[in-house]
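See structure below.
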Ligand SMILES: Cc1cc2nc3c(=O)[nH]c(=O)nc-3n(C[C@H](O)[C@H](O)[C@H](O)COP(=O)(O)OP(=O)(O)OC[C@H]3O[C@@H](n4cnc5c(N)ncnc54)[C@H](O)[C@@H]3O)c2cc1C
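Residue numbers (the working numbering): 60 to 447.
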């Protein structure tokens, strides 16, 4: 029987009104033309400070996909979810800014999250995005064999210092920190830096976690090589595995620039690599920690099976399930009820600044086959069950 079909459990924290609003939202998101128009409209309206725009966003996308405008405002959401067995990962979701002052501000915010989370059992990790700490173009250059100019060297050093600062604090407080993955052409620099930090801070347990996008060719081999290095170096490693969020962009760029696409040829290959990675990680659980970030029910079921197959505890401290706030509550809350470790990304930030994140979420829900239909059918089922 599908362990994720219980909608009463899935939506236990949603009021009747919440459910109706969510249904309306997903009905809008289901229409690609409307989502496309809405994305342009909202980004423009926020840019030019249209007075009504903030209110519209707040009552629709923001309300559904974010915990609040500040960390403090997320506390009720965090506590409510935790009371139902679901933990949170605070995700400061300000995107698309490339100024040094913004990077420094993001570091300060990440430091606040780490300090806050270290005292709160409902928040088992902190997280940051590489482009929150440095320019994409700089990562690309630092990861290639190109020489950096003197000013770029200094800029890169500042990026490294930012990573070091948050990872060192995480190590001191004993709170794991996850580094998201973004475009493949910047990932080599992120991987190298992550490996260095793992060596430094993961001597006793896994504090620094990387992310592997399984839609990329060769990531399973990369995982295996990371395990070997960790084994030889006597340190621990941890990875969030995801399928990957930039498929169209990756393929378009590869085609435009005339290099082979780094993306798997088809969905089945991505799925296969995802399953193989989970299997490999559980086989090597003494050395590797796993956070499986997916809304795919089959992948979540597969992990449940693997945990049983390897005779591991449901709440093994090195195995985590994860979804995004506002999506796949049927998976998250049913996993929580069954006693598995589950932590949802909980985005927050000033409404104006999280609009790019929010419109990306809407676009992803439009483009990931079946995602919106699934959310809608679960919402309809629960609305029917409640008779509202
Ligand atoms: C908690 C969490 C954290 C996340 N963090 C990150 C992150 O750091 N970096 C990041 O990039 N993404 C991240 N994501 C997003 C993730 O990568 C996926 O885009 C998203 O979750 C959809 O994949 P799925 O496994 O949930 O669903 P599914 O519907 O099973 O998979 C959809 C995904 O499959 C892949 N795919 C689809 N069609 C094809 C095809 N034809 N060929 C090859 N592959 C295909 C694509 O990756 C697509 O997004 C995160 C997701 C979650 C839940």
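Backbone N, C-alpha and C fix where the C-beta goes; we use that ideal spot for every residue, glycine too. Because the structure is a prediction, the values reported are computed rather than measured.
- Within the segment 158-206, the runs of alpha helix (DSSP H) that reach at least 4 residues and sit entirely inside it are, in chain order, 159-177, 189-192, 195-202.
- Residue 405 is bridged by DSSP to 149.
- Residue 304 has its Cβ nearer than 6 angstroms to a heavy atom of ligand 1.
- Secondary structure of residue 210 (DSSP, three-state): helix.
- Of 301, 384, 434, the smallest CA-CA separation from residue 147 is found for 384.
- The criterion of a C-beta distance shorter than 7 angstroms is satisfied by residue 417 and residue 124.
- Leaving aside the five residues that flank residue 152 on each side, the residues in its chain whose CB is nearer than 6 angstroms to its CB run, in chain order, 406, 408, 413, 416.
- Bounds of any beta strand (DSSP E) do not take in residue 142; it lies within the alpha helix (DSSP H) bounded by 134-142.
- For residue 347, no alpha helix (DSSP H) encloses it; the enclosing beta strand (DSSP E) starts and ends at 347-352.
- DSSP, read as helix, strand or coil, puts residue 418 in helix.
- Across the structure, residue 116 and residue 182 are spaced so that their CA atoms are roughly 26 angstroms apart.
- Annotation: residue 218 to residue 192 spans about 6 angstroms, alpha carbon to alpha carbon.
- Residue 216 has its CB no nearer than 6 angstroms to any heavy atom of ligand 1.
- Ranked by Cα distance from residue 143, the options 311, 438, 68, 434 are led by 68.
- DSSP lists no bridge partner for residue 95.
- DSSP places residue 129 in the coil class of the three-state scheme, outside both helix and strand.
- Per DSSP, reduced to three states, the secondary structure at residue 60 is coil, with no helix or strand assignment.
- As a beta-bridge residue in DSSP terms, residue 270 pairs with 299.
- Rounded to the nearest whole angstrom, the C-alpha separation of residue 422 and residue 307 is 12 angstroms.
- Here residue 447 carries a coil assignment [DSSP, helix/strand/coil].
- Every alpha helix (DSSP H) stretch that sits fully inside the segment 206-257 and reaches 4 residues is listed by chain position as 209-232.
- Residue side-chain check: residue 165 keeps its Cβ at 6 angstroms or more from all non-hydrogen atoms of ligand 1.
- Residue burial is scored here from C-beta neighbours: residue 357 has fewer than 16 other C-beta atoms within 10 angstroms and is therefore classed as exposed.
- Inclusion of residue 232 and residue 177 in the CB contact set at 7 angstroms is warranted, their separation being smaller than that value.
- Around residue 391, the same chain offers 145, 382, 401, 403 as residues with beta carbons nearer than 7 angstroms, after the five sequence neighbours per side are excluded.
- Per the C-alpha coordinates, the member of 107, 77, 420 positioned closest to residue 439 is 77.
- Within 10 angstroms of the beta-carbon of residue 295 lie 16 or more other beta-carbons, which makes it buried.
- Residue burial annotation: residue 269 is buried, with at least 16 other C-beta atoms found within 10 angstroms of its C-beta.
- Per DSSP, residue 85 is one residue of the alpha helix (DSSP H) stretching across 75-88.
- Of the other Cβ atoms in all chains shown, fewer than 16 fall within 10 Å of the Cβ of residue 263; this residue is therefore exposed.
- For residue 355, the CB falls within less than 6 angstroms of some heavy atom of ligand 1.
- In this structure, residue 274 has its beta carbon less than 6 angstroms from a heavy atom of ligand 1.
- In the DSSP assignment, the residues bridged to residue 378 are 349.
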